[in-house]
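Novice: Supplied in structure tokens, the structure appears directly below.
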Amino acid sequence: MSESEDIDIIRTIISGSHIAVLTTVSEGGELHSRPLGVLDGEFEGSVWFFTQDPSGKTADVSTDPQVNVSYTDGKSYLSIAGTAAVEHNDTRIDQLWSPAVGAWFPDGKDDPTLALLRVDATSAQFWAIDKPAVVRFFEIAKGIVTKEQPDVGTNRAVDL
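Residue numbering for the sequence shown follows my numbering, starting at 989 and increasing by one per position.
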């Protein structure tokens, strides 16, 4: 599989997801995970989220910027490892803003706590279920009989 095919699979999983789960490391070394709304836009090596600043996640990122973002579109799963940064970029906010974001920021784009969280991907791993249900069922049944792991999709690790 080529790098562009891998990127296409990553884009497909992200665009089919409504929620991502961001995992950060707290100052005390604990893992903290929380859901974030997936924004429209093409994956070009970074993923973006609206956030409040200050918040627990922005405090975590300032202490340790290494994060994980996971997605599922109901059929496939994606895990992105990367470096996070908090940005106050009005141009990018305008590009990514939607009316739904306003539910979280009552003062709209003028909300003083409005910020963006950018995650620059360093690697990704995906599990793409790319076989019809009947084939997956057959593979699982075959695996039970042969004691071999069933082949129900593609699993790849990608350096970005």
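Don't be surprised by glycine CBs; every beta carbon is placed ideally from N, CA and C.
Predicted, not measured: the structure shown is a model, and the values here were computed from it.
Taking 9 angstroms as the threshold (beta carbon to beta carbon), is Leu1066 in contact with chain B?
Specialist: Annotation note: the requested chain B is absent from the structure, which comprises a single protein chain.
Novice: Could you check whether the segment 1042-1051 touches the segment 1099-1109, counting it as contact only if at least three pairs of C-beta atoms, one from each stretch, sit closer than 8 angstroms?
Specialist: yes
Novice: Decide if Gly1070 is buried, meaning its Cβ has at least 16 other Cβ atoms within 10 Å, or exposed.
Specialist: buried
Novice: Starting from Ser992, trace the alpha helix (DSSP H) both ways and give me its first and last residue.
Specialist: Glu991 to Ser1003
Novice: Would Lys1097 pass as a contact of Asp1078 if the rule is Cβ separation under 9 angstroms?
Specialist: yes
Novice: Anyone know if the C-beta pair for Val1055 and Thr1011 falls short of 9 angstroms?
Specialist: In contact: Val1055 and Thr1011 (Cβ atoms closer than 9 angstroms).
Novice: Quick one: grab the DSSP three-state call for Gly1096.
Specialist: If DSSP states are grouped into helix, strand and coil, Gly1096 belongs with the helices.
Novice: Rounded to whole angstroms, how far is the Cβ of Leu1024 from the Cβ of Ala1008, which I believe are closer than 8 angstroms?
Specialist: 5 angstroms
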